[in-house]
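Working notes for the structure below.
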Amino acid sequence: MSDIKAPAGKLSDNERLKSNSKYLRGTIVEDLQDPLSGGFRGDNFNLIRFHGMYEQDDRDIRAERVEQKLEPLKNVMLRCRMPGGVITPAQWLGIDEFAASHTMYGSIRITNRQTFQYHGVLKQNIRPVHQWLHQLGLDSIATAGDVNRNVLCTSNPVESELHVQAWEWAKKISEHLLPKTQAYAEIWLDG
Numbered sequence: 001m002s003d004i005k006a007p008a009g010k011l012s013d014n015e016r017l018k019s020n021s022k023y024l025r026g027t028i029v030e031d032l033q034d035p036l037s038g039g040f041r042g043d044n045f046n047l048i049r050f051h052g053m054y055e056q057d058d059r060d061i062r063a064e065r066v067e068q069k070l071e072p073l074k075n076v077m078l079r080c081r082m083p084g085g086v087i088t089p090a091q092w093l094g095i096d097e098f099a100a101s102h103t104m105y106g107s108i109r110i111t112n113r114q115t116f117q118y119h120g121v122l123k124q125n126i127r128p129v130h131q132w133l134h135q136l137g138l139d140s141i142a143t144a145g146d147v148n149r150n151v152l153c154t155s156n157p158v159e160s161e162l163h164v165q166a167w168e169w170a171k172k173i174s175e176h177l178l179p180k181t182q183a184y185a186e187i188w189l190d191g
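Just so it is clear: in the sequence shown, position 164 is 164 by the UniProt record's numbering, and no numbers are missing.
So this is what it looks like as structure tokens:
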């Protein structure tokens, strides 16, 4: 942990959330086990952002579900952490395979943050997506919310030695800025 001292006074909402969350754990595991809701309750709604996700719902059927007195069709958008936006062909094929088989829309969205996002991941597929990414050597730690989100750099490390050095620094910076907690692994990989 850093030796930086927190400023005196009232904490912002995000700082309060981090302070009270058991090192970014919250009660996410309990929400994952709740079969009655497709979403996350209370602080967990914001806490999942530190794990790389935003809760959403399907706008196209929102009114219909309200009329039927049903909860919105909740799902998450998950953003991958890819410093410099560099992945291998095998990783790309794995990313595409998961999107086709485990998301509501069957697609990948490329972002201007040099990464990709899955949209339409239902709650029962959230842990599997994290485990799938882990098998590919990827993760979504700290890619949403009150964090750096992704480290950008030149996108072609095979271009020159300078490009390689820039990409190596992007990876080091990305690792350095990760939250100092094992919550991600405990919830998504070990759980």
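Idealized CB from N, CA, C, for every residue including glycine.
Residue range of the alpha helix (DSSP H) that includes Asp31: Ile28 to Leu32
Exposure of Asp167, with buried meaning 16 or more beta-carbon neighbours within 10 Å: Per the sequence presented here, residue 167 reads as Trp, with Asp not at that position. Trp167 comes out buried.
Straight-line gap, Lys180 to Glu97 (C-alpha atoms, nearest Å): 31 Å
Cβ contact check for the region 45-65 and the region 144-160: 3 or more pairs under 8 Å: yes
Segment contact, 8 Å Cβ cut-off, at least three pairs: the region 85-103 with the region 119-133: yes
Opening and closing residue of the beta strand (DSSP E) in which Lys74 lies: Lys74 to Arg79
Residues bridged to residue 201 (per DSSP): The structure shown has nothing for residue 201, since the chain only spans 1 to 191.
Exposure of Val151, with buried meaning 16 or more beta-carbon neighbours within 10 Å: buried
Beta strand (DSSP E) segment containing Arg109, residue limits: Ile108 to Ile110
Selection from Leu47, Glu175 and Lys123 that minimises the alpha carbon distance to Leu17: Leu47
Supposed close pair Met77, Gln117 - CB separation, criterion 8 Å: 6 Å
C-alpha distance - Thr88 paired with Ile108, whole-angstrom precision: 16 Å
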